[in-house]
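Take a look at the structure below.
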Amino acid sequence: MSNNPSTPEGGSHPPPLPVASTPPSETTLQAFADMSAALTGFQSSFIRPFLDPVNLSGTFYTFAVSQVGQPRMDALLSAFQALSNQTPKPTPQQIADTLLETSLDAPSLQAQLCQSIIAMWYLGSWYTPGVLGGNGFAPPALQVISQQAYTKSLVWNVAQAHPMGFSAFTFGYWSEQPASLQTFGVDITNGGGQ
Amino acid sequence: MKKIACVILLSVVAVAMVIMTSIPATMAPVVADPAIVLSPNIPGDATFGPLPPNATNEQKLLAIQGDFDIYSWNTFIALNWPPLPNGNGDPNKTIGQNGDNDTVWEQYRDVADVFLPGGATPTYTGTVTVPTQCKASYKPGMRILSQVGKTPTVLTDFSQPFNTGPLIDQNGNYTRYEILVNKPMFDYILQNKLYSKAGQKAFTGEVAFPCGGPTGPEGAIMVKSAWRVISAADRGRFHTETVLVYTPASQNPKYPASCSTKLMGLTGLHIGHKTDSASQWLWSTFEHVDNVPTEAEVASGKLKAKYNYYNPKCTAANCPPNQVPPRPWNPTKVSAFHSQVIRMNMFKGNEFAFQSADARNADALKLLLGVNTKSVWQNYELISTMWPTNTGKCLATPGDPLGTPAPNFLANTTLETYIQGMVPNVSSNCIECHNNATMTNARPSDFTYILQRAQ
Chain A
1 MSNNPSTPEG GSHPPPLPVA STPPSETTLQ AFADMSAALT GFQSSFIRPF LDPVNLSGTF
61 YTFAVSQVGQ PRMDALLSAF QALSNQTPKP TPQQIADTLL ETSLDAPSLQ AQLCQSIIAM
121 WYLGSWYTPG VLGGNGFAPP ALQVISQQAY TKSLVWNVAQ AHPMGFSAFT FGYWSEQPAS
181 LQTFGVDITN GGGQ
Chain B
1001 MKKIACVILL SVVAVAMVIM TSIPATMAPV VADPAIVLSP NIPGDATFGP LPPNATNEQK
1061 LLAIQGDFDI YSWNTFIALN WPPLPNGNGD PNKTIGQNGD NDTVWEQYRD VADVFLPGGA
1121 TPTYTGTVTV PTQCKASYKP GMRILSQVGK TPTVLTDFSQ PFNTGPLIDQ NGNYTRYEIL
1181 VNKPMFDYIL QNKLYSKAGQ KAFTGEVAFP CGGPTGPEGA IMVKSAWRVI SAADRGRFHT
1241 ETVLVYTPAS QNPKYPASCS TKLMGLTGLH IGHKTDSASQ WLWSTFEHVD NVPTEAEVAS
1301 GKLKAKYNYY NPKCTAANCP PNQVPPRPWN PTKVSAFHSQ VIRMNMFKGN EFAFQSADAR
1361 NADALKLLLG VNTKSVWQNY ELISTMWPTN TGKCLATPGD PLGTPAPNFL ANTTLETYIQ
1421 GMVPNVSSNC IECHNNATMT NARPSDFTYI LQRAQ
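If you read the protein sequences in the order shown, they are chains A and B.
Mapping the first sequence onto our numbering, position 170 (from 1) lands on 170, and the numbers just tick up by one.
Going from the second sequence to our numbering is simple: count from 1 and add 1000.
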């Protein structure tokens, strides 16, 4: 018998996830941004610019923690830090391969969280860890995280395009050659962006 | 001792280099902290103080927003300085020394006199376009609030961007608008013949207005102002002008062109300036302090007895806020509908914009009151300055043409009354909106809609 409050349908809510009561530190947010950069193939300075009035990395970090709990996010960031501190320093691609466990058939819970973080950056939406990957289509996203998560999600940059209903380009841009992938924030070192 | 000094110096240089390589080069710190000053000199660009050590993202944004807000106040002070006959600020006078004064920006050229019938060549000084209905009342030097002719649905004589509707004050009078450009902006239009449709068609380059620099002359500036009819008793609270108010004829509703002499009080001032640090232009927006209450003030009930565009005695049920006036719109008559306007909180997540504007407004108020406790300029406040956080020197960053503006949204309640909010590409964002501007041939016009007025 669960002590969780009943839902109108007679089921029960899951227990609340542990979330830190204080806002994330700059160090934590930078680590999350650096890890996100490695996972997505974008430049860290693009993921978390020096001056960031949109603060998508803060929004995404906070949202992900609210979904999976602080301990799970802390563990993932610790794993990322441990990889980053190795000598010689692995490339972002090697870090991403390790965190995503690309050599394994069945990704761990931690690797599934990495998949959700990648989808969050690319699509601005949250997919519950574990629903992505494998064959076939993923189920619909739980939610689009915010308006700016939609307009600034990375898929548009990779496509050198813009979402429906929002364009940063001037009228007639479609007749011009698009700017390079690098200027859209893609990390083109080590073969990235090819 | 020399060694210690050398180490300290190297440390300072190293820290400075970290700062210099981190922030956009055009926002490199200067030695002294910028400050609001009483000066007739229009700043060519913002200048920047050092960032606090180990600053968080919010602290960095607050610091640089502060520098831009100082720039905005210095621009406001210089543009509202008493002018010399040549239009520049008179160094022997001071803003508000006599309470109110004529201003530098009012010597700029009204766009009605830039885009002339038939695409005629304009002049910066000289005769102004006087509508027939105004000729009997017109005296040389008198200003006319009018934007006559076929204009796009952007900022016509009594309506607002995207034709979202007029703004009607608590006395039932329609708010009037005007747009003026400074000499560098006018000269660029003239030199490139962009004042006519034919000239725009023949122009093969990319429209690029001149940028102001921190030590150099000002760049292209355009000023948009909003005015309401006031009584002589209210003269002490507003910058006022006795002007000719022209209303062009309309077919729906049907009314003829008319012109009348009115005492008008300034309620909104929007200043766009293209600078080295902002190829997307800097957008400084000021309002009269009596215009409207904020959402928070309405919620708390801490209201003034009287506003220009809000009735504190009317409930939300009876006077729903921020509603477009019902048609028909007839600015020649006193309206039974009075706009009930509230300033929405558009800085959620960008609270640094509130903090900075509040601090700079307090600094400016002290200076203005120091000149004259009856200065009308004490009754104006900066709402905020929108600036690009990611930009090159007088050039946009490829891949980020908007430069990721801060704050994310900004509206002047007299100019963007009905597009307040926080919905991307729908709510008011100066840079995003003006990035869509084109000439009459649909080619980009460098963040200004006025070139669409060419005939």
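Using N, Cα and C, we set each Cβ at its ideal position, and we do this for glycine too.
So, Trp-1283/B versus Leu-1410/B, is the Cβ gap smaller than 9 Å? yes
Quick one: Cα of Ser-108/A to Cα of Thr-189/A, how far? Computed Cα separation, rounded: 28 Å.
By the three-class DSSP mapping on this structure, what secondary structure does Val-186/A have? Here Val-186/A carries a strand assignment [DSSP, helix/strand/coil].
Near-chain A residues of the stretch 1065-1088 of chain B (beta-carbon distance less than 7 Å), N- to C-terminal order: none
At what residues does the alpha helix (DSSP H) containing Cys-1259/B begin and finish? Run containing Cys-1259/B: none in the alpha helix (DSSP H); it sits in the beta strand (DSSP E), 1258-1275.
So, are the CB atoms of Gln-1355/B and Leu-1365/B less than 9 Å apart? no
What are the boundary residues of the beta strand (DSSP E) that includes Trp-1281/B? Unbroken beta strand (DSSP E) run through Trp-1281/B: 1278-1288.
Is it true that the stretch 1032-1047 of chain B meets the stretch 1250-1258 of chain B, where meeting means three or more beta-carbon pairs spaced less than 8 Å apart? no
Show which residues of chain B have a CB atom less than 9 Å away from the CB atom of Thr-183/A. Neighbours of Thr-183/A on chain B, chain order: Thr-1397, Pro-1398, Gly-1399 and Asp-1400.
Do Gly-1099/B and Ser-1375/B have their C-beta atoms within less than 9 Å of each other? yes
Would you please state the rounded distance, in angstroms, between the beta carbons of Asn-1372/B and Gln-1097/B? I believe it to be under 8 Å. 6 Å
Arg-72/A lies in the alpha helix (DSSP H); which residues open and close that run? Counting along the chain, the unbroken alpha helix (DSSP H) around Arg-72/A starts and ends at 70-84.
Could you confirm whether any beta carbon from chain A is found closer than 9 Å to the beta carbon of Val-1462/B? Beyond the ends of chain B as shown, which are 1001 and 1455, falls residue 1462/B; an answer cannot be given.
With a threshold of 16 other CB atoms inside 10 Å of the CB of Gln-177/A, please say whether the residue is buried or exposed. So Gln-177/A counts as exposed.
Please classify Ala-31/A: does DSSP put it in a helix, a strand, or coil? helix
What residue does the beta strand (DSSP E) around Leu-1180/B start on, and which one ends it? 1176-1181
Taking contact to mean at least 3 C-beta pairs separated by less than 8 Å, is the stretch 16-24 of chain A in contact with the stretch 152-167 of chain A? no
Output the distance between the C-alpha atoms of Thr-1175/B and Gly-130/A, rounded to the nearest integer angstrom. 58 Å
So, with DSSP's three-state summary, where would you put Lys-1224/B? strand
In chain B, what lies closer than 7 Å to Asp-74/A by C-beta? Result: empty, since nearest Cβ-Cβ is about 20 Å, beyond 7 Å.
Is the beta carbon of Gly-1272/B sitting closer than 9 Å to the one on Gly-1044/B? no
Bridge-paired residues (DSSP) for Gln-1251/B: Answer is Lys-1254/B, bridged to Gln-1251/B.
Which term fits Ser-57/A, buried or exposed, when burial requires 16 or more other beta carbons within 10 angstroms of its beta carbon? buried
Measure the C-alpha to C-alpha separation of Ser-1445/B and Asp-1234/B and round it to an integer number of angstroms. 40 Å
Give the single residue among Met-1439/B, Arg-1109/B and Lys-1060/B whose Cα lies nearest to the Cα of Gly-1205/B. Met-1439/B
Could you check what DSSP says for Leu-1415/B in three-state terms: helix, strand or coil? Correct three-state label for Leu-1415/B: coil.
Among all the DSSP beta bridges, which residues are the ones paired with Arg-1109/B? Val-1181/B
For a quick check, are the C-beta atoms of Lys-1183/B and Gly-1219/B less than 9 Å apart? no
Could you name the residues of the same chain whose beta carbon sits closer than 6 Å to that of Leu-1395/B, not counting the 5 residues immediately before and after it, in chain order? Ser-1279
By the three-class DSSP mapping on this structure, what secondary structure does Leu-109/A have? helix
Leaving out the 5 sequence neighbours to the left and right, which residues in its chain are closer than 7 Å to Lys-1456/B when beta-carbon positions are compared? This structure cannot speak to residue 1456/B, because chain B is shown only from 1001 to 1455.
Beta-carbon separation (whole angstroms), Ala-1454/B vs Gly-1119/B, contact threshold 8 Å: 6 Å
Among Ala-1025/B, Phe-1209/B, Leu-1263/B and Gly-1049/B, the one whose alpha carbon lies nearest that of Trp-1227/B: Leu-1263/B
Listed from N- to C-terminal order along the chain, which residues in the stretch 26-58 of chain A have their beta-carbon within a distance smaller than 7 Å of any beta-carbon of chain B? The residues in question are Glu-26, Pro-49, Phe-50, Leu-51, Asp-52, Pro-53, Val-54 and Asn-55.
Taking the C-alpha atoms as reference points, what is the distance between Ile-95/A and Lys-1060/B? 30 Å
Less than 9 Å between CB atoms is the rule here; does Ala-179/A satisfy it with respect to chain B? Contacts with chain B at 9 Å (Cβ-Cβ) include Ala-179/A.
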